[in-house]
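Have a look at the structure below before the remarks.
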Amino acid sequence: MAMTDLEFEKAVLPPKAGQEMAYFFIFCDNSIFIDEREEYQVSIPILKMDEALKLKLEDICFLGMIGDRSCYSSHAPALNKGISLKPINIRVLFEKVDFPFWKVAGYAKQIHDWNLNFKYCGRCGQKTERKGDEHVRICSNCSLMSYPRISPATIIAVVKENQILLARGVNFPNKKMFSILAGFVEPDETLEDCVKREVFEETGIIVKNIRYFKSQSWPFPDSLMIGFTAEYKSGEIVIDKKEIEEASWFSSDNLPLVPNQYTIARELIDWFVERSDS
Ligand SMILES: [Zn+2]
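So for the sequence shown, our numbering puts the first residue at 96; every next one is plus one.
Rendered as structure tokens:
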């Protein structure tokens, strides 16, 4: 069933145990398992709960409903021999499924990681337990509560007249790709402080007129990307070689390879291109 007309409704408490077919978002490290059989228009696996248990899936967690079908996140500890599903890197999933499924997969990955990473208390080391009606894990010994973690980061399109500041990060898998600058918010910072610090630290450029653009959940592993535009104020490009291999000003008719659609980086670059054309 295509999801375009269906909404994902988040919920914490699963419906009464049944054997209806349900979507299983199955993860192993940075991979998600997809079903390539042709009869499914979408490739998120659809299984009954007893089939999922036979596959020895662990940490099965109810996420909510797509239409009248339940959704679960789960963990496959290793590629199980009986499994006819194929693991792919979660970052390439968006090329394979409808965008709304990609969004649910991102949510599933973050709930899944939280379930896996907070099994033990960060303060005293004892086991934690899920609380019934919300996504929170509570320490059985000291009662410390752990919620799914979200790490805010700013992502910034810096514009100087008819040019945009783009950089190639040292960790980019594609050595030809450039993108706009981004970095995590530090304790005590406002988002505007973070924008100014990141741009200055990575490229030596000072910015002014910082404006909010939009935000995007980015489940790699748990970011909330908060997009801004900013104008060049002063400075020459001096890169921080620990983070950036190359940075430069580009005009809209001379852009290098940039990130795919569905990324806020691309939306900000497209905003710059439209602005230049008008
Ligand atoms: Zn504890």
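Ideal placement from N, C-alpha and C gives every residue a C-beta, glycine not left out. In this text, all values refer to a predicted model and were calculated from it rather than measured experimentally.
- Excluding the 5 residues flanking it on each side, C216 has same chain C-beta neighbours closer than 6 angstroms at T223, C234, L239, in chain order.
- By the CB criterion at 8 angstroms, I121 and L148 fall outside the cutoff.
- Pairing L180 with D145 gives a Cβ-Cβ distance that is not under 8 angstroms.
- In the displayed model, H170 falls within a strand according to three-state DSSP.
- Taking P109 as the centre and dropping the five residues before and after it, the same chain places the C-beta of F157 closer than 6 angstroms to its C-beta, in chain order.
- In its chain, beyond the 5 residues on either side, A262, R263, G264, V265, E297, T298 have a beta carbon closer than 8 angstroms to the beta carbon of I339.
- Note on P282: under 16 other CB atoms within 10 angstroms of its CB, so exposed under the neighbour-count rule.
- Inter-residue distance for G201 and K111 is about 25 angstroms (C-alpha atoms, whole angstroms).
- Distance from the CA of I300 to the CA of I251, rounded to the nearest whole angstrom, comes to 12 angstroms.
- Relative to ligand 1, R218 has its C-beta within less than 7 angstroms of a heavy atom.
- Counted as a single uninterrupted DSSP element, the beta strand (DSSP E) harbouring G322 occupies residues 318 to 329.
- Remark: C-beta atoms of D154 and S169 approach each other more closely than 8 angstroms.
- Two segments are said to touch when three or more pairs of C-beta atoms, one from each, lie closer than 8 angstroms; by this definition the stretch 347 to 356 does not touch the stretch 328 to 336.
- A direct Cα-to-Cα measurement between V253 and S312 gives close to 21 angstroms.
- The C-beta distance from A203 to M160 rounds to 13 angstroms, too long to fall under 8 angstroms, and the pair is not in contact.
- Cβ-Cβ distances below 6 angstroms link G162 to L101 in the same chain, with the five nearest sequence neighbours on each side left out; the list follows chain order.
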